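One structure is given below, encoded as structure tokens.
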Amino acid sequence: MNIKLLLTGITLLIIGLLMYFNVRKRKPASEETNWKGQLPPQFTQFWIWAIVGIVVGVVLILKSL
Numbered sequence: 103m104n105i106k107l108l109l110t111g112i113t114l115l116i117i118g119l120l121m122y123f124n125v126r127k128r129k130p131a132s133e134e135t136n137w138k139g140q141l142p143p144q145f146t147q148f149w150i151w152a153i154v155g156i157v158v159g160v161v162l163i164l165k166s167l
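Going by this note's numbering, the final residue of the sequence shown carries number 167, and the count climbs one at a time with no gaps.
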């Protein structure tokens, strides 16, 4: 078992989950939100980074075992 890989995977998984729970509460800027919030490309990019962090974290945890 590779401890360094395991800790890196756990860290990325936690960061990805925190990003996911944070972005789930937000809405992109639009007329509905009176143009408050992130621009749609930034909103999409944040979603992508959250999903990538979760997937890479799980892969690294499984690889370390």
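For every residue, glycine included, the Cβ atom is placed at its ideal position computed from N, Cα and C.
Since we're looking at a predicted model, the values are computed, not measured.
At which residues does the alpha helix (DSSP H) containing residue i begin and terminate?
i	result
MET121	105-127
LYS138	Unbroken run through LYS138: none, as it is neither H nor E.
With a threshold of 16 other CB atoms inside 10 Å of the CB of residue i, please say whether the residue is buried or exposed.
i	result
LEU167	exposed
LEU162	buried
Just to check my reading of the structure: residue i and residue j have Cβ atoms closer than 8 Å, yes? What is that Cβ distance to the nearest angstrom?
i	j	result
LEU108	GLY159	Their Cβ separation, rounded to whole angstroms, is 10 Å, which puts LEU108 and GLY159 out of contact at 8 Å.
Could you check whether residue j and residue i sit closer than 7 Å to each other, using their CB atoms as the reference points?
i	j	result
GLY111	ILE156	no
LYS129	THR135	yes
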